[in-house]
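Asker: Just so you know, this note's numbering puts 1073 at position 28 of the sequence shown, and the rest follows in order with no gaps. One structure, as structure tokens, below. Some questions next.
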Amino acid sequence: MHTFIVILLVIVSIGLIGVVLLQSGKSAGLSGAISGGAESLFGKQKARGIDLILHRITVVLSVLFFLLALAVTYFKI
């Protein structure tokens, strides 16, 4: 069981890395990071199309990653 969960964790990790790298950048540089965070916080920019799909896939894979990491720890004991 532990080996199966570790294999799933590796697959989800690779998928998560790939999806994050496929996402487009929201800003450039440090000043863009500050203003870009404020714009996304207040909803001035709505994600559409492929960005929305990639965002949702990222959320699902990150939750799976977290749960599988906990499962690996639980079944290791």
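Just so it is clear, CB atoms sit at the ideal spot from N, CA and C, and this is done for glycine as well. Just so you know, these numbers come straight off a predicted model, no measurement behind them.
For residue 1069, name the three-state secondary structure that DSSP assigns.
Answerer: It is coil, neither helix nor strand.
Asker: Do residue 1117 and residue 1066 have their beta-carbon atoms positioned less than 8 Å apart in this structure?
Answerer: Not in contact: residue 1066 and residue 1117 (Cβ atoms no closer than 8 Å).
Asker: In whole angstroms, what is the alpha-carbon distance linking residue 1104 and residue 1121?
Answerer: Answer to the nearest angstrom: the Cα atoms are 26 Å apart.
Asker: When DSSP labels each residue in this structure, what does residue 1101 get in the three-state scheme?
Answerer: It is helical.
Asker: If I'm right that residue 1113 touches residue 1057 with Cβ under 8 Å, what's the distance once you round it to whole angstroms?
Answerer: At roughly 6 Å, the Cβ-Cβ gap stays under 8 Å, so residue 1113 and residue 1057 are in contact.
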